[in-house]
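In our numbering, the protein residues as written are 1 to 276.
Virtual Cβ for every residue (Gly too), placed ideally from N, Cα, C.
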Amino acid sequence: MNAVWTIARKELSDSLRNRWLVAISFVFATLALGIAWFGAAAAGQVGYASTPATIASLASLGIFLIPLIALLLAYDAVVGEEEGGTLLLLMTYPLSRSQLLLGKFLGHGLTLGLATVIGFGVAGVAIALLVEEVAIVSLATAMGRFIGSTILLGLGFIALAYLVSVRVSEKPVAAGLALTIWFFFVLIFDLMLLGGLVASEGTLNPELMPWLLMLNPTDIYRLLNIVAFSGSEPLSGVLSLGADLPVGPAGLWLALVMWCVLPLAAALLLFRNRRI
Numbered sequence: 001m002n003a004v005w006t007i008a009r010k011e012l013s014d015s016l017r018n019r020w021l022v023a024i025s026f027v028f029a030t031l032a033l034g035i036a037w038f039g040a041a042a043a044g045q046v047g048y049a050s051t052p053a054t055i056a057s058l059a060s061l062g063i064f065l066i067p068l069i070a071l072l073l074a075y076d077a078v079v080g081e082e083e084g085g086t087l088l089l090l091m092t093y094p095l096s097r098s099q100l101l102l103g104k105f106l107g108h109g110l111t112l113g114l115a116t117v118i119g120f121g122v123a124g125v126a127i128a129l130l131v132e133e134v135a136i137v138s139l140a141t142a143m144g145r146f147i148g149s150t151i152l153l154g155l156g157f158i159a160l161a162y163l164v165s166v167r168v169s170e171k172p173v174a175a176g177l178a179l180t181i182w183f184f185f186v187l188i189f190d191l192m193l194l195g196g197l198v199a200s201e202g203t204l205n206p207e208l209m210p211w212l213l214m215l216n217p218t219d220i221y222r223l224l225n226i227v228a229f230s231g232s233e234p235l236s237g238v239l240s241l242g243a244d245l246p247v248g249p250a251g252l253w254l255a256l257v258m259w260c261v262l263p264l265a266a267a268l269l270l271f272r273n274r275r276i
């Protein structure tokens, strides 16, 4: 455990030195405050609308931003060390491959987690202080759930980035695959699902279709935030399938956790068998 924590501290220190933590926190805080105050501008209003509307808007932003940041943060975790010649050096220490990867995961997770808590936490505190009519308990609960699900989404994409990093031997290839993963889960998956629904002309099993949303962590994330925080509003687009899911919020939380665990376990297995 000491070895894992040592690697994690090194990654966190590198993030502080490279200004990753500060930059991500600033971006999150700025965008969150902007959405909170100008999210209702399309309706001709400026100012804080409501907690559910703010959370829904933040979640819509999060599905684009969080996966991209997580992938950029971690895509070169292994292949970058190998290209830099430091991976062999690290392996000369009393350190197993699993400890190295778990330490990096913990360090990158702490970086993204701290940035998320600081950035969105600052926005939440500002809303609580500046908006007179806001319900503090409701806001704190909503922001807490939103921040928790955002961290889990980021951890899931960090694990996916590791899966790429342990499989390839060149950083440009890893970067390209990381962007491909982002495009697939954030943009392409839902289009494929909607296209399949239209092409099937109603012949697909209606009980199976909602479960397909579990194959995309960003859809789970959106369901958690939009359904749990504004369940009274009708779902639109591909998320309307989520209304037929027989699992509640606990099942969605578990699914998001599994998106962290399974890719990380696969990356650990591949890294153990990787030739260095």
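Item: Host alpha helix (DSSP H) of Asp277 (start-end); Value: In the structure as shown, the chain starts at 1 and stops at 276, and residue 277 therefore has no counterpart that could be examined.
Item: Residue of Glu170, Leu88, Ala159, Arg222 minimising C-alpha distance to Asp308; Value: The question about residue 308 has no answer, for the chain in this structure spans 1 to 276.
Item: Reduced DSSP secondary structure (H/G/I, E/B, other) of Gly84; Value: coil
Item: For Phe271 and Thr218, believed in contact at Cβ under 8 Å, the rounded distance; Value: Going by Cβ atoms, the distance from Thr218 to Phe271 rounds to 25 Å, so no, they are not a contact pair.
Item: Own chain partners of Ile136 with C-beta closer than 7 Å, once the 5 adjacent residues on each side are dropped; Value: Ala128
Item: Burial state of Ala142, where buried means 16 or more other Cβ atoms lie within 10 Å; Value: buried
Item: Closest Cα partner of Ile66 within the set Thr150, Ala126, Val198; Value: Thr150
Item: Cβ distance (whole Å) where Ala267 is taken to contact Tyr162 below 8 Å; Value: 4 Å
Item: Beta-carbon proximity of Leu139 to Gly62, cut-off 8 Å; Value: no
Item: Spatial neighbours of Ser232 in its chain, beta-carbon cut-off 6 Å, leaving aside the 5 residues before and after; Value: Summary for Ser232: the model assigns pLDDT 48, below 50, so the residue's position carries little reliability; its value from the coordinates is reported in the next sentence. The answer is none, since no qualifying residue turns up.
Item: Contact set for Val22: own chain, Cβ-Cβ below 8 Å, skip 5 residues either direction; Value: Leu16
Item: Cβ-Cβ distance between Gly156 and Leu256 below 8 Å; Value: yes
Item: Local conformation of Val78 per DSSP, three classes; Value: coil
Item: Arg279: first and last residue of the uninterrupted alpha helix (DSSP H) it sits in; Value: The shown model of the chain, from 1 to 276, leaves out residue 279, and the question about it has no answer.
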